[in-house]
Structures are given as C-alpha cells and as structure tokens.
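Here the sequence shown is numbered in my numbering, starting from 84 and rising by one per residue.
Ideal placement from N, C-alpha and C gives every residue a C-beta, glycine not left out.
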Amino acid sequence: MNMNEIMTTNISDEQLIEREFNALLEDYLNSNHRKKVDIIKKAFNFAKEAHKGIKRRSGEPYILHPIAVARIVCRDIGLGSTSICSALLHDVVEDTDYTEEDIKALFGEKIAQIVGGLTKISGGIFGDKASAQAENFKKLLLTMPEDIRVILIKIADRLHNMRTLGSMLPSKQYKIAGETLYIYAPLAHRLGLFAIKTELEDLSFKYEHPDTYEEISEKVAASEEDRIKLFRHFATPISDKLKALGIDFEIKARVKSIYSIWNKMQVKNIPFEEIYDLFAVRIIFKPSDYANEKSDCWKIYSLITDIYKLHPERIRDWVSRPKANGYRALHLTVMGPDGNWIEVQIRSEKMDDVAERGFAAHWKYKNGEADEESELDKWIKTIQEILENPEPNALDFLDTIKLNLFASEIFVFTPKGDLRTLPNGATALDFAFDLHTNIGSQAIAAKVNHKLVPLSHQLQSGDQVEILTSKNNTPSADRLAYVNTAKAKTKIIAFLRKERRSRISRGEKMLKTFLEKNELIFDTTLLNKLLNHYCLKKKEDLFLKIGREEIETDETMRKLLKDKGENLLMKYFKMAVGRKGDNNSNNNAETKESPNPKDKNAHVIDRKATYILREQNGVKNYSIAACCKPIAGDDVLGYINENENVIVHKRSCQVATKLKSSFGPRIISTKWADHNEISFSATIEIKGIDGVGVLNKITSVISDNMAVNIKNIIINVSDGIFDGKITIMVHDVQEVEKLCYSLKQLPNVKSANRINE
Ligand code: MN
C-alpha cells in the first residue's frame, strides 16, 4: 500500500472538506483579485453548516459540490470573491431552510441577489417542470442577466454536475447531457468560455455515445506517436526562426476534442482515418510591448509563410476584428511536410487567456488588481446590449442557438405568443392545420409578421403567424400542392373524400328525380348512353359531376336521352376528342387525392420496426423516427409522444437533442433487442474511380457475399469518377459496417460509408 492509498482511505469527511476548501483558497490567492479571504471563509462556514449531514448521490458530503463550483468560478472563469461566495451559497436557499433574506443579512445585497437568481432558475427555466424550449431560453436571456454572474455560476454548476454525472440515474443522465449540449455548451461558447464549452461537449458526448467516445479516444491515443513526429518535423524550422528573432514564445500541438472529431466525422461522413486536421499548431508569444501585439502576429505569420505554402483562402484575422465573444487570434493554414494542410493559430498570451477562459480572464491585465465590479458591469452591458438590440446581426446568437440550430425544424409563434414547432418548409396552411382542423379547413389567407400573405407562404423561424378564416370556405384539391406536413395532407385528403362521397349521393338523387319527372327508367342502356356521352367510366363519376353541377340535369340531357338519332355514334367520337382534356384533369385530381406513396412506405417501415425494442419498463409500442432512421446497433433513445407511443431516435439526432432538453421526463432509454428477422433500410455512399465492370463488382459484393437486399441504387459517373448511393436492407449496424469494409476492399472503390438519407 502506498502513501496515497492510505491517505484516501483513511481521510475523514471533515478532512476532505478542509482539503478541498484550502485548494479553493489557494486558487483565489493565486489570482489577481483583491484578497477578500474573510468573506469567502464566512460563506464556506455558513454553507457547510447549512448542508450539514446531507450527502450527494455519490455518497460524498454535499458541501463538496458548492466548493467545486466555486473553484470552477475562480480558476476556470476567473471571477472574484462575490462570485466565489455566491457559488459556495448557490444551493442554500434551494435546499435548506435559509432564505434569500438570511443571505442578504449576512452577506449583503449583491450576493443575496445572485443566489436568488440561481435559486429562481434552478427549478424554473432550466428545471424539470418547465421545458427549455427556444422561447423560454430567449426569455431567460432577455430578462435574467441583471447580473451575468448568475449565468456564469450556473454554467460552473452544470460543469460540475456533468463531471459527476456518473452517479446519477441513467434517465437523468440523458436529460442533463442533452440539455448541456443544447443550451449550456453554446452559451459557454458565446460567452467565450472555450475550455468549459469543450469539456461540456466532451462530457455530454461521453454519456450519449460511450462506445464511440471510447473508440475515438483510443484512436487518438494510438495515433499520438505519428502526430508528435509530424509536429516536430513541422515546428522545428518555425521554432528556429522565432528564436533567431528573439521572440519569447511557446509552440504546441492542440488535438481536436473527441466531440469535434466525431462531429466532423458526422458532418463530412468520413471515418476517423480520413480526418487530416486532427491537430492545430498554436503559437503563443509574449510581446515585448502589448502595443505591438498585432504587428507581432503578422511578423510571425510572414515568417511561417516563408517556410510553408499558404492556403490563400484560409486566413482568419480575428486580431483586427475580434469575434463577438472576444476571441482574438490570427489563423492561417499551410501545407505541412506530409502534404496535408495544417492550421496555425497565432496568439499573444493575453489573447490565449481570453480565448480559453473568456472575458473575465482579461481583467487581470487592467491594472495589476482587477476591480471585479466595474469590469463586470462593462461586460454585462455588452451582453445586455446584444440581447436587447433587435437588430438581426446582434441577435444572431439567439437565432443560431435557439432558432436555426435544428435545420429540420422551425419555431413560429401564434398572435398570443405561443410557440409551435413545425418541420422546415411548413407553409401558413400547415400552421393553420397544426392549430386546429377547422382553422385549416376554413383558412383563406394568413398574416405573417402582420403582413398579408397567401396560405402557400413558406414560414421562417421566429415568424408570428395569424390565420384568417371564413366559415364558408372548404379546402379544395389544389391546396394539397401547398402543404408540406403529413397532418395537413391527411386532413385535406380526408375532407376531399368526404366531400366526394356527399356529392356523389347528391348527384344520384338529382339524376333519379330528373328521370322520374321525365318518365325515364334508369337502366344499363340509359346509363351507358350517359357515360358514353360524357366520356366517363363509372356511374360514380357521373353522379359526382351532376352533384357538383358540372353536368346539368336539363333540357339537353332530356333531349339526349329521348333522342334515338343515328348520329349518336358520330357525336360520341366528337365528344371523346373534345373532352379529352377534361378527362385528364379528372385523372390528375384522382392522383392528388390518394395519399403520397412515400408516406405509405414510411408506415410500412414503422410497422416493421414495432416491437423490436425492449425497455426496462416493459414493452411499449415503438416506431422508428423518420428524421434519423436509426437501425439496430445505433445508439438510440426513446421519446414518449402524446399518444404514449415510443419514437426511437438516434442519440445523435438533432431533433432528439431538442426533445431531450425540452421534454426530459419523456425521454427513456431504449436498447435493441436481440433479433435478426427484421430488416432496416440503410444508405451507403460509395465513391471511386470508374472502370470496366465496377458496378458489377459492387453489386455482387452486396448481394452475393453479404446476402443483403438492394432496395435502390443510383450511381453517377462523370469524368472517370463515380459517386453513388445504395440503399440496402440490413439487420443491424454491424452488417452495414461489414459491407462498407468489403466494398472498400474493391480496387476501384475509394470510400464507402453509411450516410443519413
Ligand atoms: Mn448546484
């Protein structure tokens, strides 16, 4: 047994608490803030007393959590004593009998206000009860940051909860991980907390895709040796030149985070091995004088481009024009010694600190000691200006986070401000049907952002939509052309069918009354005469035309039926030619009224997938989400919809990510049952060089070697290169992977990867 083990096994809770608190104090004393140790000690003692005897799920004393949050606030965000105290006290009002008033009496107005703000959002906007829908998020950001420290401490709180997520219930893990990826990571990014953002993303990813996370980590580790070699080879000539110029610098390789590697693999549909920019080179220099910071960056730039070939389209000057979150650096991409492009980031020490820890870190450069209050005020002002400014550019961050993050969905508002979610491409008429079938049926026009538009108008995220209706209006077949949601389509089709049926019976009655009046008998001869005359096939078509008053039961019809003339045959031919167009348009209406064959297909897949999954709480009715179409073996989760059916999404699906954060309690974990009788469709993208018999080889690999069925195959060949998509029926992920592997063994095939359709 070594010393460490003795220490950790025998340490008492009290000693553990002391040790962690002392570490916090040490971080604080090493910062450039004023040394207000007394108030921090006071907050610590008070919180320790308040949470006394309470343990976290992990079995640790509760107080270790606020201490850890305070350390993040101090060390990773760079905040001072007011924030450290607030972090230590952040759960006191929420979890103990003490009130905000008590905090105010002991620690003053400011700290009480921050703790109050944190309490308010703990069970509210970010909590279980309320959904974190886009609108709520906007409200939060617009109304809450009277003090931005509330949000910063909340982010620190979330980071610590993510670090200790392992001891939570699995169902909570999904909700928290999903919410973190949806709200906290983008928020941290926006606030310039790059290191925290990266850690939040990696932790969320680790819980959502444990196997993939492990796999990528291993591959990163396995490729380290090669990477170090390449980096040395690349960096040595730069280092030598920088040294010769007498610049004080550090040069290092920054490996991409696991999450961003995975993201790139997803976006570009490439395997790990094809990511060439696994690392970037970072040069951090200490300028002799901060006044020369900018010119020093360009000096280093020109030195590098003397050695390596520059990619002219990939220069990013965030020194002259910093990003909105304060990020400053000069980025360039050059051709590395192995022929791959390498990104180089040039930053001064100050720029680097801001880049990693956000604005707060920047204060210490002001005048030795930072005045937290006044510096924070400036920052809050900037953020609030961004939030309050209605200009589209200033609001881009709200838009990108809450509105356009999920390209497959749009968020629109009713005149009363209620939020509705619709698929991308939805029209005003889709929105009307989404509100209510009657509104959809009676809709005549819409007002989008108070402007009158036709019902076919395509909606954008953030639109406010009002539907104008008329009681006398009924949907016509042409309206099918301007709806894009299944709900609206089904409703219109159902309405048209109903209308058709009632017109048919009306027409039948009208014809019979007419015949009775004229003493004619409705027999086969008479019917055929009418059908021939009007070029119709079935009696229902005749009744329909009469019911719709397109054919009139009048003198002309009477004459036709009474007339026994020889010209009838001639007449028939004339009519047949003359009515041809009519007949066609009739056929068109027929096709429009039948449901879209694509939709039908989707249902078949749904039904097939039913019952294939098993969940801890017993078997429910499952279906496969149409957005991401997971197949057996994918990391999945279940979402219980309004009808208590479970929709199975890929965990990586963007729609699922939003559902997780909005409807956490409706998310359940699902596992694939062992099975092999059910098939899923999966699409493989294949690229390569054209040659004799290539297509033959590909199809034979698929059908002969693998015994899977090809559903669809499209291959385009141009300039000697082919590029194709093959949709196949498989049983699980392994089968697709095996198949991709076999395809890649073919001499002409360059890549074969599963893609989302
Ligand atoms: Mn907490």
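Can you list the residues near the ligand MN, meaning Cβ strictly closer than 5 Å to any non-hydrogen atom, in the order they appear in the chain?
Asp174 and Asp240
Sequence-distant residues of its chain with Cβ nearer than 6 Å to Ala715 (five each side left out)
Stepping through the sequence shown from its first residue, residue 715 is reached at position 632. Here the set comprises Trp755 and Asp815.
Note down the Cα distance separating Thr388 from Ala153, rounded to an integer number of angstroms.
Your numbering for residue 388 matches position 305 in the sequence shown. Your numbering for residue 153 matches position 70 in the sequence shown. Approximately 44 Å, taken between the alpha carbons.
Who are the Cβ neighbours of Tyr257 in its own chain at under 7 Å, not counting the five residues just before and after it?
For the purposes of this step, residue 257 is identified with residue 174 of the sequence shown, where counting begins at 1. Correct list, in chain order: Leu720, Lys743, Ile750 and Ser752.
So with Cβ pairs under 8 Å, would you call Asp294 a contact of chain C?
No chain C is part of this structure, which consists of one protein chain only.
Alpha carbon to alpha carbon, how far is Ile769 from Asn352?
Residue mapping note: residue 769 aligns to position 686 of the sequence shown, counting from 1. Residue mapping note: residue 352 aligns to position 269 of the sequence shown, counting from 1. One C-alpha to the other measures close to 11 Å.
Counting only the same chain and skipping the five closest in sequence on each side, list residues whose C-beta sits under 7 Å from that of Tyr111.
If you number the sequence shown from 1, residue 111 lands on position 28. Around Tyr111: Ile123, Cys157 and Ile167.
Between which two residues does the alpha helix (DSSP H) harbouring Gly191 extend?
Here the question's residue 191 lines up with position 108 in the sequence shown. Element bounds for Gly191: n/a, residue is neither H nor E.
Enumerate in chain order the residues of its own chain whose CB-to-CB distance from Ala278 is below 7 Å, with the five nearest sequence positions on each side excluded.
Counting from 1 along the sequence shown, the entry for residue 278 is found at position 195. Cβ contact annotation for Ala278 (same chain, cutoff 7 Å, sequence separation greater than five): Asp159, Glu439 and Arg440, in chain order.
Just to confirm, are Ser706 and Ile723 a CB contact at a threshold of 8 Å?
For the purposes of this step, residue 706 is identified with residue 623 of the sequence shown, where counting begins at 1. For the purposes of this step, residue 723 is identified with residue 640 of the sequence shown, where counting begins at 1. It is not a contact, given that the beta carbons lie outside the stated cut-off.
Can you confirm whether the region 273-289 touches the region 321-331 when touching is taken to mean that 3 or more C-beta pairs between the two stretches lie within less than 8 Å?
no
Nearest-angstrom beta carbon gap, Gly807 and Ile793 [assumed within contact, 8 Å]:
The residue given as residue 793 occupies position 710 in the sequence shown. The residue given as residue 807 occupies position 724 in the sequence shown. Rounded, the Cβ-Cβ distance is 11 Å, inconsistent with contact.
Ile707 - containing beta strand (DSSP E), residue span:
As a first step, residue 707 must be located in the sequence shown, where it is residue number 624. Looking at the DSSP string, the run of the beta strand (DSSP E) that includes Ile707 is Tyr705 to Ile707.
Could you name the residues that DSSP lists as bridge partners for Asn799?
Within the sequence shown, the letter at position 716 stands for residue 799. According to DSSP, which records beta bridges pairwise, Asn799 is partnered with Asp806.
Residues bridged to Tyr617 [DSSP beta-bridge criterion]
Working through the sequence shown from its first residue, we reach residue 617 at position 534. Answer by DSSP bridge pairing: none, since Tyr617 is not bridged.
Considering only C-alpha positions, which residue in the set Pro149, Leu283, Phe355 and Ile367 is nearest to Phe104?
Counted from its first residue, the sequence shown places residue 104 at position 21. Closest by alpha carbon: Pro149.
Which runs of the alpha helix (DSSP H) at least 4 residues long sit entirely within the region 272-335? Give them in chain order.
277-291, 293-305 and 307-327
I'd like the list of long-range same chain contacts for Asp338, defined as Cβ closer than 8 Å, with 5 residues on each side in sequence excluded.
The residue you call residue 338 lines up with position 255 of the sequence shown. A small correction: the amino acid at residue 338 is Val; Asp does not occupy that position in the sequence shown. So the qualifying residues of the chain are Val303, Arg310, Leu361 and Phe362.
Three-state class that DSSP yields for Asn836 in the structure shown
Walking along the sequence shown from the start, residue 836 turns up at place 753. The answer is strand: DSSP assigns Asn836 an E or B state.
Can you tell me whether DSSP reads Glu768 as helix, strand or coil?
For the purposes of this step, residue 768 is taken as the residue at position 685 of the sequence shown. Three-state result, Glu768: strand.
For Lys433, report the span of its beta strand (DSSP E) as first-last.
As a working mapping, residue 433 is identified with position 350 in the sequence shown. Segment Glu432 to Arg440 is the alpha helix (DSSP H) holding Lys433; no beta strand (DSSP E) there.
Are Val120 and Leu108 close, meaning C-beta to C-beta below 8 Å?
Walking along the sequence shown from the start, residue 120 turns up at place 37. Walking along the sequence shown from the start, residue 108 turns up at place 25. Cβ distance < 8 Å, so Val120 and Leu108 count as in contact.
For Leu603, the three-state DSSP class (helix, strand or coil)
Working through the sequence shown from its first residue, we reach residue 603 at position 520. Note: Leu603 maps to coil in three-state DSSP.
Touching or not, the region 543-560 and the region 604-622, by the rule of three or more beta carbon pairs under 8 Å?
no
In the DSSP assignment, what are the bridge partners of Gln547?
Position 464 of the sequence shown, counting from 1, holds the residue named residue 547. Checking the DSSP bridge columns, you'll see Gln547 partnered with Phe496.
Where do the N-terminal and C-terminal ends of the alpha helix (DSSP H) with Tyr267 fall, by residue?
The residue given as residue 267 occupies position 184 in the sequence shown. Looking at the DSSP string, Tyr267 is not in any alpha helix (DSSP H), and its letter there is neither H nor E.
So the beta strand (DSSP E) Ile527 belongs to, where does it begin and stop?
As a first step, residue 527 must be located in the sequence shown, where it is residue number 444. Residues Ala526 to Val531.
Determine the DSSP secondary structure at Leu415, reduced to helix, strand or coil.
Locating residue 415 in the sequence shown gives position 332, where the first residue counts as 1. Residue state, collapsed to three classes: strand.
Among Phe129, Ile194 and Leu235, nearest to Gly161 - alpha-carbon criterion:
For this step, residue 161 is matched to residue 78 along the sequence shown. Closest option to Gly161, Cα to Cα, is Leu235.
Determine the burial state of Glu282: buried for a count of at least 16 other Cβ atoms within 10 Å of its Cβ, exposed for fewer.
As a working note, residue 282 is residue 199 in the sequence shown. Label assigned to Glu282: buried.
Can you name, in chain order, every residue of its own chain whose Cβ lies under 8 Å from the Cβ of Tyr359, other than the five neighbours on each side?
The sequence position of residue 359 within the sequence shown is 276, counting from 1. Excluding positions up to five away in sequence, the list reads Asn423 and Trp424.
Per DSSP, cross-strand counterpart(s) of Tyr722
The residue you call residue 722 lines up with position 639 of the sequence shown. Beta-bridge pairing links Tyr722 to Ile730 and Ile750.
Top-ranked residue by Cα proximity to Ala765, from Leu822, Leu778, Gln737 and Ala739
Looking up residue 765 in the sequence shown gives position 682. Taking only the C-alpha atoms, the option nearest Ala765 is Leu822.
Let me check one thing: in DSSP terms, what residues is Asn792 bridge-paired to?
Stepping through the sequence shown from its first residue, residue 792 is reached at position 709. Asn792 is bridged to Met812.
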